[in-house]
Amino acid sequence: MERWVFITAFIGVYLAVTLAIGLMAGRRATSSVAGFVAADRSFGLLVMYFITGATVFSSFAFLGGPGWTYGRGAAAFYILSYGVLGMAPFYWMGPRAAALGRRHGYVTQTQLLTGRFPSKGLSALVALLSLVAFIPYVTIQIRGAGIVIEAVTDGHVPLWLGALVAYGIVIVYVLVSGAMAVGWTNTFQGIFMVVIAWTLGLYLPNRLYGGILPMFEQIQAARPELLVTPGLTASGDPWSWGAYSTYILISAVGLMMWPHLFMKAFTAKNDDTLRRTVILFPTFQLFLIPVFLIGFSGVMFGRGPDQADFILPFMILETDLPWLVVGLFCAGALSASMSTGDALLHAAASVVVEDGIGPFKLLTEATQRLLMRLVVVAVGAIAYFAALDAESSLVQLLATAYGIVSQLAPPIVAAMYWRRATTRGVVAGLLAGWSTAAFFWLNPGMKPYDMHEGVLGLLVHVPVLVIVSLLTSRQEEAHTHRFCGPIVAGEAPE
Amino acid sequence: MSLRTARTLTALYFVAMAVAVMWPGALVASRIEPWVFGLPFSFFWPALWVGLAVPVLYALDRVEARHRTPDR
Chain A
1 MERWVFITAF IGVYLAVTLA IGLMAGRRAT SSVAGFVAAD RSFGLLVMYF
51 ITGATVFSSF AFLGGPGWTY GRGAAAFYIL SYGVLGMAPF YWMGPRAAAL
101 GRRHGYVTQT QLLTGRFPSK GLSALVALLS LVAFIPYVTI QIRGAGIVIE
151 AVTDGHVPLW LGALVAYGIV IVYVLVSGAM AVGWTNTFQG IFMVVIAWTL
201 GLYLPNRLYG GILPMFEQIQ AARPELLVTP GLTASGDPWS WGAYSTYILI
251 SAVGLMMWPH LFMKAFTAKN DDTLRRTVIL FPTFQLFLIP VFLIGFSGVM
301 FGRGPDQADF ILPFMILETD LPWLVVGLFC AGALSASMST GDALLHAAAS
351 VVVEDGIGPF KLLTEATQRL LMRLVVVAVG AIAYFAALDA ESSLVQLLAT
401 AYGIVSQLAP PIVAAMYWRR ATTRGVVAGL LAGWSTAAFF WLNPGMKPYD
451 MHEGVLGLLV HVPVLVIVSL LTSRQEEAHT HRFCGPIVAG EAPE
Chain B
495 MSLRTARTLT ALYFVAMAVA VMWPGALVAS RIEPWVFGLP FSFFWPALWV
545 GLAVPVLYAL DRVEARHRTP DR
């Protein structure tokens with residue numbers, strides 16, 4: 001029998017196992033909104049660790065990481081640098097957000113925000129822009145899944161079909177089981193992608209160059225510019241320190257502000273679980289080392305693919321690996337894609353229904369759950385069709401999505417730590433930050449020092465938030481105390 | 495160690511890391527040699543800061559746990 005048949009069968013088994021785990025997980029959840037969105041706040045350390053790791057590392061890391069390394073060299077090291085910086089403040093912010101969630105019944109971060117700063121407009125605005133940021137992110141995940149399946153089956157399973165099957169499965173288990181399915185499938189997928197990345201990352205340099213050091217010495221002799229930061233741009237010119245540094249900065253600030261990651265604070269069983277997840281997160285981050293090694297191993301390897309993002313599937317196919325290794329790789333890439341895609345779809349639904357519609361119309365729990373499921377399907381469908389017709393500008397859109405999401409950081413920090421912040425200050429800051437980021441996104445030539453537009457947005461955002469807050473009348477002491485005052489462990493919900 | 499000291503030291507580590515992996519700190523590490531574990535120095539540098547974050551956060555957690563009423 002032909003090779004691609006074995007590989008397709010292997011992928012089929014992998015997808016079936018994922019579906020089974022997702023469906024079985026749902027039997028553990030209650031049918032409340034807290035069950036669908038926050039998994040009844042039940043996740044322990046193992047699940048939280050892999051959920052967080054697998055959700056952070058998406059198709060962008062598994063396919064884009066080697067692609068960046070292959071095409072842009074040391075520029076990719078920015079991806080290694082920001083995660084821990086973004087995660088560390090969550091050691092304190094996570095438990096505080098979780099305590100406020102238990103006390104006030106929050107399941108999304110916008111509820112936390114509008115709990116402190118009551119405004120329906122603010123809620124709708126944040127929901128809308130989160131959705132705008134989500135769609136390109138989901139699109140990249142779906143396209144990543146389709147590309148991998150098409151590549152490893154020699155085109156026998158085209159992109160449209162591979163993406164449809166993989167994301168059909170994601171949608172089924174998210175619809176049936178909500179946050180429980182996302183949690184338990186991500187545990188499975190997280191283990192898978194880490195093991196496969198390390199295996200391939202150590203195997204490929206050894207097989208092609210006889211070791212990691214010999215590989216880098218050959219690259220040093222032929223293309224030394226790839227090995228020094230800040231690396232190259234996509235077109236092969238030297239990248240600027242301004243862009244390299246602000247990419248790290250904006251990604252660190254934006255990372256935990258993604259609603260699908262922030263909401264993890266509401267799914268943890270207790271505060272120690274959240275804290276230990278933060279402590280262990282850097283160990284997951286180091287998984288980027290083998291991912292970069294895979295990318296570097298392509299550099300000296302003859303003719304490359306036309307698009308850098310295809311380097312990993314290309315290497316896998318060109319090096320004549322056994323079909324089992326190819327199947328494993330494909331499952332790893334699908335894990336990376338689906339574990340982020342499911343969390344994104346799930347969070348998009350929660351945000352649209354809880355924050356975009358909830359404040360304006362009183363909905364029963366049953367209606368909310370129905371609406372969330374409709375939004376999952378709708379967002380999945382939009383992203384799927386966008387994925388079939390993808391241009392290279394999508395990567396640029398994701399960078400812009402970070403510009404949008406990072407603007408949520410100042411209001412979230414203010415909500416939990418700054419008593420003098422006011423609703424008007426927060427709204428003014430958000431509008432100022434978003435318009436500044438949008439302006440520089442549309443006029444990239446005007447960016448000082450080639451800085452990321454999101455960082456420029458924050459430079460305007462924070463002063464506006466502070467000044468407008470100080471000019472408007474302060475909130476009541478009792479109100480601010482509930483959010484910024486000491487949090488007593490183990491308190492009962494109000 | 496007091497809670498305040500532990501928190502300050504932790505915050506200092508992450509500020510130092512931010513400076514080290516971005517401009518201007520990263521200029522120092524923008525070189526191929528010395529090789530570490532077969533990796534060029536510019537690659538090893540951010541990985542080192544990521545790896546050291548684990549013991550730093552763990553030490554912080556030990557101190558924080560002593561100053562906390564037991565969690566549920």
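So the sequences go chain by chain: A and B. The first sequence begins at 1 in my numbering and counts up by one. The second sequence begins at 495 in my numbering and counts up by one. Every residue gets a Cβ at the ideal spot worked out from N, C-alpha and C, and that includes glycine. Please read all numbers here as calculations on a predicted model, not as lab measurements.
For residue j and residue i, the rounded distance between their alpha carbons
i	j	result
S297/A	Y49/A	29 Å
F10/A	G341/A	21 Å
W92/A	T499/B	15 Å
G115/A	L362/A	17 Å
E494/A	V468/A	Unreliable positioning characterises E494/A in this predicted model, as indicated by a pLDDT of 42, which lies under 50. A coordinate reading is not provided.
W539/B	S58/A	24 Å
K269/A	V278/A	14 Å
P259/A	F483/A	19 Å
M257/A	A163/A	27 Å
F266/A	V326/A	37 Å
G35/A	Y173/A	14 Å
A16/A	V170/A	11 Å
M495/B	V557/B	7 Å
F292/A	A25/A	34 Å
T367/A	V427/A	30 Å
S350/A	P214/A	50 Å
A650/B	V33/A	Any answer about residue 650/B is impossible in this case: the structure gives chain B only from 495 up to 566.
Residue i - DSSP class collapsed to helix/strand/coil
i	result
L533/B	strand
P238/A	strand
A88/A	coil
A268/A	strand
L232/A	strand
F43/A	strand
P224/A	helix
F360/A	coil
P118/A	coil
E527/B	coil
V278/A	helix
N206/A	helix
T199/A	helix
D389/A	coil
D320/A	coil
P486/A	coil
H104/A	helix
M48/A	helix
R566/B	Caution is warranted here: a pLDDT of 44 is assigned to R566/B, below 50, making its placement in the model unreliable, and the coordinate value is therefore given only provisionally. If DSSP states are grouped into helix, strand and coil, R566/B belongs with coil.
M256/A	coil
F57/A	coil
Burial state of residue i (16 or more Cβ within 10 Å)
i	result
K264/A	buried
A74/A	buried
V530/B	exposed
L261/A	buried
D565/B	Reliability of the predicted coordinates at D565/B is poor, the pLDDT of 49 falling under 50, and the value obtained from them is presented with this limitation in mind. Per the 10 Å Cβ criterion, exposed.
R276/A	buried
L226/A	buried
L459/A	exposed
D272/A	buried
Y384/A	buried
A492/A	Residue confidence is low: A492/A scores 46 on pLDDT, short of 50, so the model does not pin down where it sits. Its coordinate-derived value is still stated next. Per the 10 Å Cβ criterion, exposed.
Y247/A	buried
M315/A	buried
A222/A	exposed
P230/A	buried
Y244/A	buried
Inter-residue CB distance, residue i and residue j (contact presumed, cutoff 8 Å)
i	j	result
S337/A	Q111/A	Not quite, the Cβ-Cβ distance comes to about 29 Å (not below 8 Å), so this is no contact.
A61/A	L371/A	About 32 Å; that fails the 8 Å criterion.
G403/A	G457/A	6 Å
A415/A	F117/A	7 Å
S406/A	G168/A	Not a contact, Cβ separation roughly 32 Å.
A166/A	I147/A	With 8 Å as the limit, A166/A and I147/A do not qualify as a contact, their Cβ atoms being about 11 Å apart.
P313/A	A151/A	4 Å
Between the region 467 to 480 of chain A and chain B, which residues of the former have CB atoms less than 7 Å from a CB of the latter, in chain order?
none
Looking at chain B, which residues of the region 265 to 293 of chain A have a Cβ within less than 8 Å of any of its Cβ atoms?
N270, D271, D272, R275, R276, V278, I279, L280, P282, T283, Q285, L286, I289, F292
Near-chain B residues of the region 82 to 100 of chain A - C-beta to any C-beta below 7 Å
V84, L85, A88, Y91
Proximal residues, the region 519 to 531 of chain B versus chain A, C-beta separation under 8 Å
A520, L521, A523, S524, R525, I526, W529, F531
Could you please tell me which residues of the region 198 to 223 of chain A, in chain order, have their CB closer than 9 Å to any CB of chain B?
Taking 9 Å as the upper bound on Cβ-Cβ separation, chain B lies near residues P205, G211, I212, L213, P214, M215, F216, E217, I219, Q220 of the region 198 to 223 of chain A.
Quick one, which residues of the region 177 to 199 of chain A are near chain B if we go by CB-CB under 9 Å, in chain order?
none
Can you pull out the residues from the region 506 to 518 of chain B whose beta carbon lies closer than 7 Å to at least one beta carbon of chain A?
Residues F508, M511, A512, V515, M516, W517.
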